[in-house]
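First up is the structure itself, then whatever we jot down about it.
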Amino acid sequence: MSGFAKPLKIAFGLIVVAALIVVPMNFNRYGLFILSQWAVMAIAAMGLNLTLGYAGQVSLAQGAFVGIGAYAAAIMTTHGWPLPAAIVVAIGLSFAVGWVLGYPALRVQHHYLAFVTLAFSTLAFLVFRNESWLTGGIYGISNIPRPHIFGIATNKPLPFYYVCLGSLAIVSLAVWWLIRSPWGRAFMALRENPLRAQSLGVDTRRYTLMAFAIGSALGGVAGALYAPLTQYIDPVPFNLSLSLDLLMMVIVGGAGFFLGPFLGAMIAVLLPEWLRFTEGYYLMLYAIAVMGLLIWSPTGILGILDRYLAERRTKAASAQRAVAKSRLETAQ
Amino acid sequence: MSNLFDLLVAGLATGAIYALVAVGFTLLWQTSQTINFAQGEFVMLPAFLMLAAMHAGAPFWLAIILGILLSMLLLGLAFKMLLVDPMLRHGVLPLAIATMALAIGLKEAVKQFFSAEASPFPSIVPTGDVSILGHAVSLQSIGVLVLAILAVFGLTALLNRTSLGHQMQAAAQNPTVARIIGVPVERMILLTFLINAFLVALASLLITPIYLAKFTSGEVLGQAAFIAAIVGGFNQVRGAIAGGLLIGVLDNLAAAYVSTQYRAAVPMIFLIAVILFRPQGLLGRAEERTV
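In order, the protein sequences belong to chains A and B.
Under UniProt numbering, the first residue of the first sequence is numbered 1, with each subsequent residue one higher.
Under UniProt numbering, the first residue of the second sequence is numbered 1, with each subsequent residue one higher.
So this is what it looks like as structure tokens:
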């Protein structure tokens, strides 16, 4: 069965990727913006999924790292630096800050950690708003340029959408590799049982800090793309509710599943747009949909699929057992 | 000096509201491990229920009663039955996310069905100033402080002096043992949800005349109440009260003496310091580490 499932999975993946490349070609400006936003938010959610879903550390600060990345990119590119350099700085900066934010996680867990990170989120917002010499304060930073990639200008929405999609692809491959590496396994050991992980020789201190730093760095990447995407940033989009939204994306998609952030970001970014025809009711319906989904499946969308597959596997296994048993009996 | 006195009174008045909201928050946490991220919106909603009743022609006193009853029905009973009960066995995090979604839903519902504009709200305390020790203090501050303190004292008396309160505490501290000695644990949990709904309705009634009824007004308040609860001690009613008063005073003093721009940062930094150096809160008990 598994020999058959793998090519099927790959084929399905290729179809989705091809669709993401081809279908938006005749989208209008707004459609492309929303889809680019999905790609950017999926990157940020993937980072949080590493911290929360794989390493089990609750963080309510991912939105702040998107903000740090966005401001780094906005400030640097408006001063004439190329975007890739800004992305490198955004990664470095959010990695370092994320590392420091990991220290409370060494002392406190669960809801306490959630509130430390929540406080950090609010502090970052205050800095964005108040340090106007650097961030432009409430007036923000406008005219953020879009980059030239291999000599091609990405000012138009479609080329920039491909920049976002390409970045998403690169980040996905990196994360895919990471969670299959010994690091990823150490993260999961940390999530499942920190004490046992420690007794097995996992350096829990280092991996806790790493989980925060790498997850935050991906938030920084998302921010560095968000700034040229909107071409204007002010502090408002990076307040606490972005962190809450990102957390919702990870849980709704399915925390600890590789594809969870893609689906979660889809629900959080696209579902409200699809519901727009309901006018003022759309966020209400969105909230009800999220609550309904969580009541039905607290492990998110992929949790449903996972349960279904697990059930099928048990059924197949018990069927095999029955066959084996009857064979054994006839042999006797 | 006179300035300090005014700041303290105003700080205690806001702090008393934070305490009301924070107490409900810790009650829910103690009895059912619910972190209610919609607690701020729970304070926002009752004011609109009361306004709606007044628009329908009810006099103020009737609107208050209707508002409190409806809050207990919606934010107590319905919240517990429809959201908390089905999700409780799945752990803290999914439920916390669900309450975030609930917060969005409540905000949007008020915006859609009522108004996106801020509405004035009548005060149950007469406006004006009285003179205390040579200072003009607004009657509203005093009224809020007195009513909030009365409510909190009433609650602690209920919890500590009555058999019902002892049963509630037993149900919160050790449900299994409480069940064995015959405490109707389920009913006690429901009661805490109803008490929380009552407290948020009261807070709503006290704070809305000062800050107007607005669909976003729960955001700041909810956050302040969380900080208060954690600073004081997540698992202690008296901790939440102390935390609420402390954060209220700190917030007001920070605005005057630190900087208006970074005023919101002071309680946050205080929160981080408390969590790092005394995670159980200033008055809290240490919870056992779960392995």
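The C-beta atom is built at its ideal place from N, Cα and C for all residues, glycine as well.
From a predicted model like this one, the values you see are computed outputs, not experimental measurements.
| Asked | Found |
| --- | --- |
| Length of the line joining the Cα atoms of A:I141 and A:G254 | 35 Å |
| Alpha-carbon spacing of A:G201 relative to A:G260, whole angstroms | 29 Å |
| Proximity to A:V163 [Cα-Cα], best of A:F33, A:S59 and A:V175 | A:F33 |
| C-beta neighbour in chain A for B:A240, strict 8 Å | no |
| B:A256 beta carbon less than 8 Å from that of B:L73 | no |
| Proximal residues, the region 37-63 of chain B versus chain A, C-beta separation under 7 Å | none |
| Those runs of the alpha helix (DSSP H) which lie wholly inside the region 71-123 of chain A and span at least 4 residues | 83-107 |
| Inter-residue spacing [alpha-carbon to alpha-carbon] between B:P94 and A:I152 | 44 Å |
| Residue range of the unbroken beta strand (DSSP E) whose run includes B:H135 | H135 to S138 |
| Cutoff 7 Å; reference B:G67; Cβ partners in own chain excluding five residues on either side | P46, L49, M50, A53 and A201 |
| Chain B contact residues for A:T122, given Cβ-Cβ distances below 8 Å | Q223, A264, A265 and M268 |
| Span separating the alpha-carbon of A:I149 from that of A:L165 | 13 Å |
| Nearest-angstrom Cα separation, counted from A:D234 out to A:N155 | 21 Å |
| B:H90 at chain A interface by Cβ criterion, 8 Å | yes |
| Beta-ladder partner(s) of A:A44, from DSSP | Paired residues: none, contrary to the question. |
| Residue 292 of chain B, DSSP secondary structure in three states | In the structure displayed, chain B extends from 1 to 291; residue 292 of chain B sits before or after that span and is not available. |
| A:I170 classed as buried or exposed, judged by whether at least 16 other C-beta atoms fall within 10 angstroms | exposed |
| Cβ contact (3+ pairs, closer than 8 Å) linking the region 322-331 of chain A and the region 280-295 of chain A | no |
| Completely contained alpha helix (DSSP H) runs for the region 52-110 of chain B, where each covers 4 or more residues | 60-71 |
| Under 7 Å from the C-beta of B:Q140: neighbouring residues of chain A | Ordered by position in chain A, no residue passes the 7 Å Cβ test against B:Q140, which lies about 28 Å from the chain. |
| Chain B contact for A:H111 (CB, 8 Å cutoff) | yes |
| Exposed unless 16 or more other CB atoms sit within 10 angstroms - verdict on B:S131 | exposed |
| Contacting residues, own chain, Cβ-Cβ under 8 Å from B:K107 (five flanking each side not counted) | E41, M44, F215, T216 and G218 |
| CB contact check: A:V269 to chain B, cutoff 8 Å | no |
| Under 8 Å between C-beta atoms of B:A254 and B:A19 | no |
| Buried versus exposed, by CB contacts within 10 Å (16 or more), A:Y232 | exposed |
| Residue span of the alpha helix (DSSP H) that contains A:F258, given as start and end | That residue, A:F258, is in no alpha helix (DSSP H); it is neither H nor E in DSSP. |
| Cβ pair A:G219, A:G80 closer than 8 Å | no |
| CB contact flag (B:V183, B:A172, <8 Å) | no |
| Beta-carbon spacing of B:T26, B:N235 below 8 Å | yes |
| Residue nearest to A:F257 in terms of C-alpha spacing, selected from A:G137, A:L173, A:Q109 and A:D306 | A:D306 |
| A:I138 at chain B interface by Cβ criterion, 8 Å | no |
| Counted within 10 angstroms of its Cβ, other Cβ atoms place B:A118 as buried (16 or more) or exposed | exposed |
| Euclidean distance between Cα positions of A:M249 and A:I267 | 7 Å |
| Complete beta strand (DSSP E) runs within the region 187-220 of chain B (minimum length 3 residues, chain order) | none |
| Cross-chain neighbours of A:Y281 in chain B, by beta carbon under 7 Å | Q112 |
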